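First up is the structure itself, then whatever we jot down about it.
Residue numbers (the working numbering), protein chains in the order written: chain A, 1 to 208; chain B, 1 to 208.
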């Protein structure tokens, strides 16, 4: 299943097609070459001072017990569907600069940059990938030995698209509902906070 | 100029071609339709609970004085080259959930997700885009009226690629130097912290 975003302005198809689905095929594992491409995409993302404050813990099912412990970190609402994904990846942010140990205020932001790259590579490979904040970060820290100075950010379910009919009713409804975002004027300002950016007007030839 | 990343594993060309250049063409402005596509790409990014905690302040040169004040926020090392970009976009993170005002610990992370989408749409349009942490966030807050509860994250220079020869020697050297990232084993672990993920071994058919 695909659900490309119905954009108001042209956007590259890879960005439009990226989507966070819930229906995964539990029987189809992600090949190692694909996993390597996902992580490579994450690796080449930009970061402040090229710090690369991201770490990724991979639960690919080779170690079935580790995957199960990762699934056990999910909140119930996510576990209901994400347990069917054949693998999980946990993103983790380094909180301090390598060079001097002072706080890196872009650490979590840059993990977001890197994770976007991973999610888009999944789209490119025809994979379903869904990043979740809804997991127990403290439990993940304990379960996997994540040291102080690093913060678990997102649990990412990865796999192939599955049958929507396997979802519980509420999640099936979410899966099939239209995609929603704020309108542009709620997130974009022109030169000062709350000053509107009139995209439409500026697109008329007479306004140039 | 392009400088695609020499990846060790296949990665979609849009992700490979994204790059943070310094040489901008100061005479070529970004058309309004392209700006709309950049912001649309940012708008459709994923976020925790679909909060969309991102805001973007656009300094496109229509208001020359606002653009100049945005440039004045850059640290000298960035200003040296980024002043030549015809526009800047400032990304800002909302720190609290809209629904109840409690802290959203994914706010900055999700701005990173959204910014990655913007940067990749720039790549798709043949634009140069370079996100910078090196700017005075407090000055930006005062200059543009950014309220409490929101944090300036990145100043993003956007424009067309320019002549590398216009850069100062140090920046010209950076522009032409090979791209560097940590190796995969520095950022990827398998099922537990510091447990190596052996991509190469797993790619051999006998290991499947």
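Glycine included, each C-beta is placed from N, C-alpha and C at the ideal position. All of these numbers come straight from a predicted model, not from anything done at the bench.
Roughly how many angstroms lie between the CA atoms of residue 128/B and residue 38/B, to the nearest whole one?
-> Looking at the two C-alpha atoms, the distance is approximately 12 Å.
For chain B, find out if any of its Cβ atoms is closer than 9 Å to the Cβ of residue 23/A; answer yes or no.
-> For residue 23/A, no CB of chain B lies under 9 Å from its own CB, so it is not counted at the interface with that chain.
What residues in the stretch 34 to 57 of chain B bring their beta carbon closer than 8 Å to a beta carbon of chain E?
-> Given the protein chain composition of this structure (A and B), no chain E is represented.
Let me know if residue 131/A comes out buried or exposed under the rule of 16 or more other beta-carbons within 10 Å of its beta-carbon.
-> Classification for residue 131/A: buried.
Name the one or two DSSP bridge partners that residue 127/B has.
-> In DSSP, residue 127/B forms no bridge with anything.
Contact between the stretch 112 to 119 of chain A and the stretch 104 to 116 of chain B: three or more CB pairs below 8 Å?
-> These segments touch.
Sort 15/A, 51/A and 31/A by Cα distance to residue 40/B and report the nearest one.
-> Residue 15/A is the option with its Cα nearest to residue 40/B.
Pick out whichever of 124/A, 78/A and 133/A has its Cα sitting closest to the Cα of residue 22/A.
-> Comparing Cα positions, the closest option is 78/A.
Count the other C-beta atoms from every protein chain shown that fall within 10 angstroms of the C-beta of residue 138/A, then say buried if there are 16 or more, exposed otherwise.
-> Exposure of residue 138/A is indicated by the presence of fewer than 16 other C-beta atoms within 10 angstroms of its C-beta.
How would you label residue 152/B, buried or exposed, when you count the other beta carbons within 10 angstroms and need 16 or more for buried?
-> By the neighbour-count rule (16 or more Cβ atoms within 10 Å), residue 152/B is buried.
C-beta neighbour in chain A for residue 155/B, strict 9 Å = No, no contact with chain A.
Report the three-state DSSP secondary structure of residue 57/B (helix, strand or coil).
-> Shown here, residue 57/B sits in a strand according to DSSP, grouped into three states.
Give me whichever residues DSSP pairs with residue 88/A in a beta bridge.
-> Per DSSP, the beta-bridge partners of residue 88/A are 59/A and 157/A.
Residue 145/A touches chain B at which residues, Cβ-Cβ below 8 Å?
-> Ordered by position in chain B, the residues that pass the 8 Å Cβ test against residue 145/A are 192, 193 and 194.
Residue 160/A versus chain B: which residues are under 7 Å apart at the beta carbon?
-> Result: empty, since nearest Cβ-Cβ is about 17 Å, beyond 7 Å.
Helix, strand or coil at residue 208/B [DSSP, three-state] = Low local confidence applies: a pLDDT of 36 at residue 208/B is under 50, so the model's placement there is unreliable, with the coordinate-based value given in what follows. In the structure shown, residue 208/B sits in coil (DSSP, three-state: anything other than H, G, I, E or B).
Taking one C-beta from the stretch 92 to 107 of chain B and one from the stretch 52 to 64 of chain B each time, how about it: are there three or more such pairs within less than 8 Å?
-> The answer is yes - the stretch 52 to 64 of chain B touches the stretch 92 to 107 of chain B, with three or more Cβ pairs under 8 Å.
Between residue 34/B and the rest of its own chain, which residues show a CB-CB distance below 8 Å, the 5 nearest in sequence each way excluded?
-> By the criterion of a C-beta distance shorter than 8 Å, residue 34/B is surrounded in its chain by 125 and 127, once the five residues flanking it on both sides are discounted.
Residue 71/B: which of 168/B, 174/B, 164/B and 154/B sits nearest, CA to CA?
-> In this structure, 154/B is the residue among 168/B, 174/B, 164/B and 154/B with its C-alpha nearest to the C-alpha of residue 71/B.
Min CB distance residue 74/B to chain A below 9 Å | With 9 Å as the cut-off, residue 74/B does not count as an interface residue toward chain A.
Using a cut-off of 7 Å between C-beta atoms, extract the partners of residue 124/A located in chain B.
-> Those within 7 Å of residue 124/A in chain B are 12.
Leaving out the 5 sequence neighbours to the left and right, which residues in its chain are closer than 7 Å to residue 18/B when beta-carbon positions are compared?
-> The beta carbon of residue 18/B sits closer than 7 Å to those of 119, 120 and 123, all from its chain and outside the five residues before and after it, given in chain order.
Backbone CA spacing between residue 202/A and residue 36/B [nearest angstrom] | Residue confidence for residue 202/A is low, a pLDDT of 48 falling below 50, so the modelled location carries little weight; the figure read from the coordinates is stated next. About 10 Å.
Express the C-alpha separation of residue 180/B and residue 3/B in angstroms, rounding to a whole number.
-> About 12 Å.
Have a look at the DSSP bridge pairing and note the partners of residue 93/B.
-> According to DSSP, which records beta bridges pairwise, residue 93/B is partnered with 54/B and 151/B.
Compute the distance between the beta-carbons of residue 62/B and residue 191/A, then report whether it is under 9 Å.
-> The answer is yes: Cβ separation under 9 Å.
Exposed or buried, residue 142/B, counting other C-beta atoms within 10 Å across all chains shown (16 or more means buried)?
-> With fewer than 16 neighbouring CB atoms inside 10 Å of its own CB, residue 142/B falls in the exposed class.
Give the single residue among 170/A, 76/A and 24/A whose Cα lies nearest to the Cα of residue 136/A.
-> Comparing Cα positions, the closest option is 76/A.
Going along chain B in order, which residues have a C-beta closer than 7 Å to the C-beta of residue 184/A?
-> Residues of chain B whose Cβ lies closer than 7 Å to the Cβ of residue 184/A are, in chain order, 39 and 43.
Distance, Cα to Cα, residue 84/B vs residue 11/A?
-> When only Cα atoms are considered, residue 84/B and residue 11/A end up about 26 Å apart.
Over what stretch of residues does the alpha helix (DSSP H) that includes residue 144/A continue unbroken?
-> For residue 144/A, the enclosing alpha helix (DSSP H) starts and ends at 137 to 144.
For residue 109/B, write down the residues that DSSP places opposite it in a beta bridge.
-> Listed as beta-bridge partners of residue 109/B by DSSP are no residues whatsoever.
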